[in-house]
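First up is the structure itself, then whatever we jot down about it.
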Amino acid sequence: NESRKRVQELLKREYPESFQKWPVIPEPQMFFQPRRIRHLTQRLKLVDGDMFFSPMQTLTISVNTVGVMGKGLASRAKYQFPDAYVVYQDACKKKLLQPGKPYLYKRETSLDVALADEPYNLTNANRRTWFLFFPTKRHWREASRLADIEQGLRWITENYKREGIESLALPALGCGLGGLEWGVVGPMMARYLGKLDVEVHIHLPLERSIPEAQLRKEFLLGTPD
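Quick note, the sequence shown lines up with residues 123 to 347 if you use this note's numbering.
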């Protein structure tokens, strides 16, 4: 459609080398709009859709702590947002990003106006998208450790207000290349993120289908739907 063409043209012009390596929209059927949104609480939602089109202020990128963005969401961030990759590598070199300690990149630029068909209709035309680099692996060759995920979630609950996070989108941490199971990670994420008094979207893993029973409020929060 017209919107997709405009996105392709803009990114091809701005990042010609990256454009050749990655398609602009890896999931065409999910372009812009999520397939499904499930409310767990008033502020906490499960989203089946592309996180890079999330309206949330802060997007969480699962990374390792050695500065390599080779696969998954991290690789998309590397090619679509080269500035984020530079900041991530610098945070790794300076040991600012460690297991259990995410690093927040308060990005000052936005593609909202440039990507919109009718930018004058945007309600948040000056919105800036931040990136929260969340370590789900220590080394990219290793599997994710559940203890690191929990420590990182605890960091979010303790620091999100001070850091100025107004809304947050996260992937299913460690459930893709990290090898962890949603049946274990999902309830942990819901338990910690349900404490936040800002809107939070947990994006379901694209690599596998989650059983319906594991998406229910009763399973994730211990309360009936």
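Ideal Cβ placement from N, Cα and C applies to all residues, glycine included. In this text, all values refer to a predicted model and were calculated from it rather than measured experimentally.
According to DSSP, is residue i helix, strand or coil?
i	result
SER197	helix
ASP170	strand
ILE287	coil
PHE203	coil
TRP262	coil
PRO293	strand
LEU315	helix
ILE278	helix
LEU343	helix
GLY257	For clarity, residue 257 is Pro in the given sequence; the question names Gly instead. If DSSP states are grouped into helix, strand and coil, PRO257 belongs with the strands.
ARG160	strand
VAL188	coil
VAL320	coil
Between residue i and the rest of its own chain, which residues show a CB-CB distance below 8 Å, the 5 nearest in sequence each way excluded?
i	result
GLN220	THR187 and PRO257
ALA312	LEU162, LEU166, ILE324, LEU342 and LEU343
GLN179	ARG249, ARG250, THR251, TRP252, ILE287, GLU288, SER289 and LEU290
PRO189	Note on identity: in this sequence residue 189 is Gly, with Pro being the wrong assignment. Around GLY189: TYR210, GLN211, CYS214 and LYS215.
TYR282	LEU290, LEU318 and VAL320
ALA236	For ALA236, the predicted structure reports a pLDDT of 44, less than 50, and the residue's modelled location is therefore unreliable. A value from the coordinates is still provided. LEU132, listed in sequence order.
LEU268	GLY296, LEU302, VAL306, VAL307 and MET310
Given residue i, which residues of its chain have a CB within under 6 Å of its CB, disregarding the five upstream and five downstream residues?
i	result
ARG260	THR187 and PRO221
LEU292	THR182 and ILE324
LEU254	THR180, THR182, PRO224 and LEU226
PRO309	LEU342
ILE271	LEU295 and GLY296
LEU194	Strictly speaking, residue 194 in this sequence is Gly, with Leu absent from that position. Taken in chain order, the residues that qualify are GLY298 and LEU299.
Here's the rule: buried if 16 or more other CB atoms are within 10 angstroms of the residue's CB, otherwise exposed. What is residue i?
i	result
ILE159	exposed
SER331	exposed
PRO346	exposed
LYS200	buried
VAL169	buried
ALA206	buried
PRO177	exposed
VAL96	Outside the shown range of the chain (123 to 347) lies residue 96, about which nothing can therefore be said.
VAL208	exposed
From the DSSP output, which residues share a beta bridge with residue i?
i	result
TRP252	THR180
GLU272	The partner list for GLU272 (beta bridge, DSSP) is empty, contrary to what the question assumes.
LYS223	GLN220
Skipping 5 residues on each side, what residues in its chain have a beta carbon closer than 7 Å to that of residue i?
i	result
TRP304	ALA294, CYS297, PRO327, ILE332 and GLN336
SER266	THR258, LYS259, GLY296, GLY300, GLY301 and LEU302
GLU329	GLY298
THR279	TYR314, LYS317 and LEU318
SER197	MET191
GLU230	ARG250
ASP285	Looking at the sequence provided, one finds Glu at residue 285 rather than Asp. Closer than 7 Å at the Cβ level, and outside the excluded window around GLU285, lie LEU226.
TRP262	ASN186, VAL188, VAL190 and GLY192
ARG157	ASP170 and GLY171
Discussion item. Could you check whether the segment 258-276 touches the segment 163-171, counting it as contact only if at least three pairs of C-beta atoms, one from each stretch, sit closer than 8 Å?
Written reply: In short, these stretches do not touch, since the Cβ pair count stays below three.
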